[in-house]
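In my numbering, the protein residues as written are 191 to 411.
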Amino acid sequence: MSHQSFLLLALQIFAAAVPVLLAITLHEAAHGYVARYFGDNTAEREGRITLNPLRHIDLVGTIILPLIIFLASRELLGGHGMLFGWAKPVPVNFGRLRRPKADMLWVAAAGPLANLFMMLVWALVYGVVTGVGGAGSVHHYLLAMAIIGLQINGVLMLLNLLPIPPLDGGRIVVSLLPNRLAWQFLRIEPFGMVIVIVLLLTGVLGAILRPPVQMLMMFVR
């Protein structure tokens, strides 16, 4: 790899890393903030109610796997890398919430709502950058960063809203179901991430998420 190619790759990774780290940090911190508001200070005691991304990074899910997927898909897709990964979940003791089952809904919804907020912020950045115009490298990478920010926050929001525990959507479903059905539904939680990975590898996850993400991109841009 030439020096120029390496520099280009490094800039592409940086343009992707900034919005990804912001997306996962705000998502996880939002869970902690809302859990504390409703009575559970577990995340606060463990130092997880913070905007410091280092506190939310999972070595495999946030760094190693996304980097491998990005580089591999970049080769397969001819320069357009894709991202997939996860952060270290913020610890929430639902039993410490004032109304455990009802408040679970708000704690779970906080993460996707944080990603929706970030989409609006990146849409503003995109609008400002395109409005100012320019053709330099700084303009190019700010534009790329804004687009990746829109995409990753859209994917994270919709992925987490899938009704599969332990994803946020699964928690929301548990909160809304009658107690007996909620406990039965929770039995799939140990297999939740396996289900998500199978959906990803078979292409089903992409087929589910792509249309709504594209619609969101069109709306905010």
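Virtual Cβ for every residue (Gly too), placed ideally from N, Cα, C.
In the DSSP assignment, residue 301 falls within the unbroken alpha helix (DSSP H) covering 290-322. Contact between residue 217 and residue 305 holds: their C-beta atoms lie close to 6 Å from each other, under 8 Å. Around the beta carbon of residue 327, fewer than 16 other beta carbons lie within 10 angstroms, which makes this residue exposed.
Taking a 10 Å sphere around the C-beta of residue 369, we find fewer than 16 other C-beta atoms and assign the residue as exposed.
In terms of Cβ geometry, residue 203 and residue 246 do not form a close pair [threshold 9 Å]. Taken through DSSP and simplified to helix, strand or coil, residue 283 comes out as coil. Annotated three-state conformation of residue 354 is coil, per DSSP. In the three-state scheme derived from DSSP, where H, G and I count as helix and E and B as strand, residue 277 is classed as coil. For secondary structure counted as the alpha helix (DSSP H) over 4 or more consecutive residues, the stretch 334-378 holds these complete runs in sequence order: 358-366, 369-375.
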